[in-house]
Each structure stands twice: as structure tokens, then as C-alpha cells.
Amino acid sequence: MHDGVQLAANIFLPSEAGRFPILLARTPYNKGDDLFPNYRFFVEHGYGVVIEDVRGRYESEGTFDPFTQEPKDGDDTLNWIARQAWSDGKIGMLGGSYLGIAQWKAAWFRNPHLKAIAPVVSGYDDYRDRFYSTGGAFQLGHRLLWMAENLRAPDFAMPEFDRFVRTLPLRQADVATTGQRCETFQKALDHPTEDAFWQNVSTRAHIGQISVPVFSVGGWYDNYVESDLAAFQALRKNSGVHRILIGPWPHNMSIKFANVDFGKESGAPIRRMQLQWFDQWLKSKDTLLMSRPPVQIFVMGVNRWREEHEWPLARTRITPLYFRSQGRANTLNGDGTLGPRPSRIAPPDRFAFDPRNPAPTAGGAVCCNPRIFPWGPMDQRRVEQRSDVLVFSSPPLTKDLEVTGQTQVVLYASTSAPDTDFTAKLVDVFPNGEARNLSDGILRLRYRSSLGKAELAHPGEIYKLTIDAGVTSNVFLKGHRVRIEISSSNFPRFDRNPNTGRSIADETTLRSAFQTIYHDAAHPSRVLLPVIPN
3 MHDGVQLAAN
13 IFLPSEAGRF
23 PILLARTPYN
33 KGDDLFPNYR
43 FFVEHGYGVV
53 IEDVRGRYES
63 EGTFDPFTQE
73 PKDGDDTLNW
83 IARQAWSDGK
93 IGMLGGSYLG
103 IAQWKAAWFR
113 NPHLKAIAPV
123 VSGYDDYRDR
133 FYSTGGAFQL
143 GHRLLWMAEN
153 LRAPDFAMPE
163 FDRFVRTLPL
173 RQADVATTGQ
183 RCETFQKALD
193 HPTEDAFWQN
203 VSTRAHIGQI
213 SVPVFSVGGW
223 YDNYVESDLA
233 AFQALRKNSG
243 VHRILIGPWP
253 HNMSIKFANV
263 DFGKESGAPI
273 RRMQLQWFDQ
283 WLKSKDTLLM
293 SRPPVQIFVM
303 GVNRWREEHE
313 WPLARTRITP
323 LYFRSQGRAN
333 TLNGDGTLGP
343 RPSRIAPPDR
353 FAFDPRNPAP
363 TAGGAVCCNP
373 RIFPWGPMDQ
383 RRVEQRSDVL
393 VFSSPPLTKD
403 LEVTGQTQVV
413 LYASTSAPDT
423 DFTAKLVDVF
433 PNGEARNLSD
443 GILRLRYRSS
453 LGKAELAHPG
463 EIYKLTIDAG
473 VTSNVFLKGH
483 RVRIEISSSN
493 FPRFDRNPNT
503 GRSIADETTL
513 RSAFQTIYHD
523 AAHPSRVLLP
533 VIPN
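Below you can see the structure in the form of C-alpha cells.
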């Protein structure tokens with residue numbers, strides 16, 4: 003590396019002599035000694051493969067700092083590979099999750115040897131999809147579980163997940179989780195707003211520097227899918243070469259969901275598509291992948307793949323469904339409904355949010371060990387029995403309704419606290435009552451105007467809030483119902499708001515907040531669905 007630190011790498015080459023195009027994977031998860039079967043496929047098709055431990059991990063020297071190290075280390079590695087006798091100077095990068103993040107950051111430097119990248123389930127923003135969220139809440143379960151599995155002190159036994167996610171103050175959760183202080187975690191807590199620190203380390207802020215062709219892959223139940231799609235949308239403004247594929251998958255596409263099967267067509271030949279991608283850009287072969295539309299999505303409900311020419315889809319019709327009730331929308335058995343028009347006069351709905359007893363996460367786009375932290379589609383009826391969850395459901399549909407894109411919830415709300423959270427979840431309700439989650443989101447009230455500036459609330463004042471409830475592609479079939487859940491917690495997917503208005507990272511006091519949701523003519527709370535016409 004540029005500073006003398008040495009990184010360890012394995013090099014695998016085809017058996018014949020010569021110079022080869024090279025595929026690089028940079029990993030924090032141990033390159034090991036053997037060639038993984040997924041990479042052997044590429045060697046058998048004429049590529050060399052280099053698998054490298056990133057700085058500070060396993061056999062590589064240095065101190066692990068994922069915020070800062072990957073752009074320059076990636077660039078240095080590309081230059082090193084290009085100088086070797088077995089390299090023809092054309093390099094691609096591949097891999098998922100952190101390995102995808104490393105690709106994005108290496109691409110910042112526009113290295114002339116890097117010809118294409120293929121990130122999988124990686125996202126492109128450290129603040130909005132890795133540590134915090136589009137609504138400013140901390141992605142607690144994901145972060146701590148990753149730390150527990152990857153950053154534990156030697157001989158420190160992994161503690162119980164349900165215990166370390168409840169650590170107070172949050173600033174001490176790294177020690178409770180790993181047995182040692184984690185500088186990356188502390189830095190993230192030191193910057194709860196989307197400030198200059200995050201701008202400096204995020205690919206989202208550097209997207210204008212990305213000129214290499216990108217073929218990304220994501221899953222509707224993956225934590226990074228919204229970011230994957232946002233990156234594609236941004237890149238397509240400058241070039242038509244980029245491609246994206248989104249399937250009905252969680253963070254690990256090879257793991258099946260426990261109780262939901264999207265059919266035999268729900269898989270995709272990712273490796274063969276990546277081979278076409280690299281053949282196109284490293285071997286100058288015209289391939290089928292480039293002759294097809296740039297977007298491939300799996301539409302759930304009807305369970306089939308579809309090709310599109312852009313994201314978001316140009317024919318989208320943003321369709322509102324308004325919250326309605328007589329003030330008793332609490333629980334699945336309440337009177338909350340969704341309708342095409344707002345009520346003229348209607349009493350508001352109220353609930354108490356106690357962070358000591360938060361509404362639990364039940365599946366969804368969480369990460370990264372489903373045995374410990376279950377992910378994906380799950381029946382939400384158990385959560386919907388809680389009095390701190392408002393449930394608004396449409397009548398049974400008289401015809402199929404496709405929702406593909408980003409869902410938003412416009413909420414008119416007040417609270418007794420100087421700061422609190424509001425959550426929203428999109429649910430597909432089957433005729434048998436099963437309530438299958440599709441996407442969800444959260445808004446920390448102090449970030450209602452901007453993620454870059456915290457602004458405490460005035461208790462009792464009514465605020466118009468917009469909650470990003472995530473992305474999906476699903477056909478609500480005839481006879482199904484559209485449902486929206488409103489609450490103030492989704493724990494431990496997101497951290498608990500202590501409702502005090504003070505620094506959340508350092509807070510030890512948890513207080514209840516009393517929430518009011520308005521949905522009359524003057525306060526038309528609603529969900530905005532991205533409906534795709536037949």
C-alpha cells in the first residue's frame with residue numbers, strides 16, 4: 003500500500019500460461035486458503051481471481067478502519083495487480099455486502115485498470131443504509147450483530163443478542179457486544195446527523211466520481227435495496243451502460259425463507275450474468291446482458307420476473323389511501339381503515355410509546371444472521387395485537403393492485419415528548435388473515451426537516467411528517483387488503499428513542515411518550531403508493 007502496509011492476497015490463475023483479465027474481491031471475512039466455488043467458476047472461464055484481506059483483517063497488516071481505508075487501498079491494489087506478469091491490465095471487481103462496498107469505494111479514483119464492478123447487496127451510503135437510516139434512527143440490530151460476529155475481543159464469548167441490543171447507554175453497547183471498544187461504532191455515535199463526516203466517507207456523496215460500468219444485484223428484503231436502486235438511478239443520469247437486478251431475497255440470497263416460497267422462478271443465474279458482464283467489459287465480447295433492458299425486477303404476488311427501462315418506473319401513478327377511524331385504530335381488532343378520500347371530521351388516534359416495552363421487529367429487511375435476527379416476510383398479526391400499533395386496512399380488493407417503487411406515509415402527528423419516533427409498515431393481508439410485511443421505515447422527529455440538523459419538537463404541536471417506508475414490488479391480488487401499521491418503535495431493527503430530547507447515544511433514562519395521529523380534512527394522513535397500471 004501507499005503507506006508501506008502490506009495486505010495479504012491469494013492469486014488463482016487458469017492452468018494455461020499467459021496474461022489474464024483479473025477479478026478482484028476485497029474482504030474483511032478471511033480470504034482463507036482455498037478458492038471458493040463461486041470464484042472457481044470465473045477461473046474456469048479464463049479469468050484470474052485475486053482475493054485479498056482488507057487492511058487490519060486476518061493476514062493483512064494495519065488497523066481496520068472501514069470508514070477511510072477502502073478507496074486508496076483499493077486503488078493501490080488495482081495498480082499492483084496491473085503490474086504483475088500474469089495480468090493483462092484489465093480488472094473487474096465482485097462480491098457482496100462489505101465486498102460490494104469496497105468496490106464502490108475503489109471506483110472513486112477512476113483507476114484506468116478497473117473496467118467494471120459487480121456489487122451485490124451492498125448499498126452505497128454509510129449513513130443512510132449502514133449505520134443510520136433515511137429517517138435518522140440507528141440501525142441497532144444490524145450493526146451490533148455484525149460487530150458481535152466480526153469484531154469480538156479474543157476469547158470473548160458472544161453474548162445473547164436480546165441482551166446486548168438493550169444496553170444503556172447505547173455508547174457502551176460496543177463493549178457489551180464485543181468485549182472491547184470499537185472506534186468505528188464510537189465515531190458513528192459521535193455523528194448522529196448526516197454531517198461532513200458522513201459526506202467524506204460515503205459513495206453517495208461521491209457518485210459523480212463513478213465512471214466505471216456497474217451491474218448491481220439486490221433483494222426486496224435486504225437492508226440495502228433502497229440504496230442499491232438509488233445508486234442505479236443516479237448513475238443512469240450520466241450513462242446507459244449500468245444494469246441492476248432485484249429479486250425476492252434477503253441479504254443472503256442462498257438462504258430460503260422459513261414460511262414463504264416465491265416459486266421456482268424466484269432464483270436468477272447471478273454468476274452467469276456476472277460472467278457476461280465481465281466478458282463485455284474485460285474481454286470486449288458483446289453479450290446478451292447488454293442487449294436487454296437495464297432493470298430486472300421480481301414482482302412478488304404474481305411471482306414473476308419483469309424487465310424495465312428505468313427506475314423508478316416512468317408509468318408510476320402515486321396513489322393516496324387515507325387513514326380513517328373513529329379514534330380506535332389500535333390493534334388488529336380496531337376500526338382503522340384506508341380509503342380513497344379523507345374523512346371530513348374524525349377523532350384522532352392515540353397510543354402510548356414506552357421504550358422499555360417497544361414494538362418488536364418481525365422480519366423485514368434486517369441483517370445478517372437469520373438464526374439470531376429473523377428476516378424477510380413474516381406474519382405481523384402478533385405485532386398488530388399491541389395497543390401501541392395503529393392498524394389501517396383497505397377493504398378487500400376487487401382487482402389486482404401492483405405497487406412497485408418507494409412507499410411514503412404522510413402523517414399528521416403530535417407528541418408529548420421533545421423528541422420521539424414514528425414508524426410505518428406496508429403489509430399485504432391475505433384472505434386467510436395472514437399479514438405479510440413488504441417494507442417499512444422510521445422517522446426520528448428531530449430530523450423531520452433534515453437529516454443534517456436536529457430540531458427538537460414542541461410537545462402538543464401538530465407536525466406534518468413524511469416517513470420513507472421503503473421500496474418493494476408486489477401485486478396485492480384480488481381479495482387481498484392493503485394495510486399500513488403506524489407505531490413508534492421497530493426494535494431492534496432500529497434503536498429505541500428515549501423520548502427525552504437529549505443525546506440518544508448517552509441517554510440512560512427512558513420515558514413514555516403519548517402520541518396522537520390526526521386524519522381529518524385539515525390533517526389528511528395517508529399512504530402514497532407507487533401504483534403501476536395494468
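The sequence shown lines up with residues 3 to 536 when you count with my numbering.
For every residue, glycine included, the Cβ atom is placed at its ideal position computed from N, Cα and C.
The model shown is predicted, which means the values in this text are computed figures rather than measured ones.
- The continuous alpha helix (DSSP H) containing D164 extends over residues 163 to 166.
- Going by DSSP, L340 is part of no alpha helix (DSSP H) but of the beta strand (DSSP E) stretching over 339 to 341.
- Every unbroken stretch of the alpha helix (DSSP H) spanning 4 or more residues and falling wholly within the stretch 150 to 224 is given here in chain order: 163 to 166, 175 to 180, 185 to 192, 198 to 203.
- Going by beta carbons, D78 and H4 fall inside the 8 Å limit.
- The beta carbon of Q278 is closer than 7 Å to those of T289, L290, L291 in its chain, skipping five residues each way along the sequence.
- For V297, the closest alpha carbon among the candidates G338, S286, H311, R154 is that of H311.
- Under the DSSP assignment, V227 falls outside any beta strand (DSSP E), being part of the alpha helix (DSSP H) whose first and last residues are 227 to 238.
- Cβ-Cβ distances below 7 Å link T195 to L453, G454, K455, A456 in the same chain, with the five nearest sequence neighbours on each side left out; the list follows chain order.
- Between R528 and F325, the beta carbon gap of about 6 Å places them in contact (Cβ cut-off 8 Å).
- When DSSP states are grouped into helix, strand and coil, A87 belongs to the coil group.
- Taking C-beta atoms as the reference points, P420 and L445 fail to come closer than 8 Å.
- Residue range 39 to 45 is occupied by the alpha helix (DSSP H) that includes Y41, with no beta strand (DSSP E) assigned at that position.
- Under a 10 Å Cβ-count criterion, H482 is classified as buried, with 16 or more other Cβ atoms of the shown protein chains found around its own Cβ.
- Residues G94, M95, Q105, A109, V214, V216 of the same chain have their beta carbon placed closer than 7 Å to that of I119, with the five preceding and five following residues left out of the count.
- One alpha carbon belongs to N81, the other to D90, and they sit about 12 Å apart.
- Contact annotation: V484 and L247 have beta-carbon atoms that are not nearer than 8 Å.
- Excluding residues up to 5 positions away in sequence, D337, G338, D351, L392, V393, F394 lie with their Cβ nearer than 7 Å to the Cβ of A331 in the same chain.
- The DSSP-derived three-state label of F432 is coil.
- In this structure, DSSP gives R330 a state outside helix and strand, which the three-state scheme calls coil.
- V203 and P16 have their C-alpha atoms some 36 Å from each other.
- Judged by DSSP secondary structure, K107 falls within the alpha helix (DSSP H) whose first and last residues are 100 to 108.
- By the C-beta density criterion, P360 is buried, having at least 16 other C-beta atoms within 10 angstroms.
- Less than 8 Å divides the Cβ of I320 from the Cβ of L530.
- E312 carries a coil assignment under DSSP once its states are collapsed to helix, strand and coil.
- With a cut-off of 8 Å on Cβ pairs, the stretch 427 to 442 is not in contact with the stretch 513 to 525, counting fewer than three such pairs.
- DSSP, reduced to helix, strand and coil, places W307 within a strand of the structure shown.
- Judged by beta-carbon spacing, R317 lies within the 8 Å limit of I534, meaning their Cβ atoms are closer than that value.
- With contacts defined by Cβ atoms closer than 8 Å, M380 and N439 form a contacting pair.
- Take the alpha-carbon of L403 and the one of G303: they are about 10 Å apart.
- Within the same chain, Y414, A415, S416, L447, R450, A459 come within 8 Å of Y465 by CB-CB distance, once the 5 residues on both sides are set aside.
- Annotated three-state conformation of K401 is coil, per DSSP.
- For L467, the enclosing beta strand (DSSP E) starts and ends at 465 to 478.
- Of the candidates Y129, K33, R85, R343, the residue whose Cα lies closest to the Cα of I24 is R85.
- Linking D67 to A198 through their CA atoms gives a straight-line distance of about 17 Å.
- N81 carries a helical assignment under DSSP once its states are collapsed to helix, strand and coil.
- Within the same chain, Cβ atoms closer than 7 Å to the Cβ of A207 are found at Q201, the five residues on either side in sequence being excluded.
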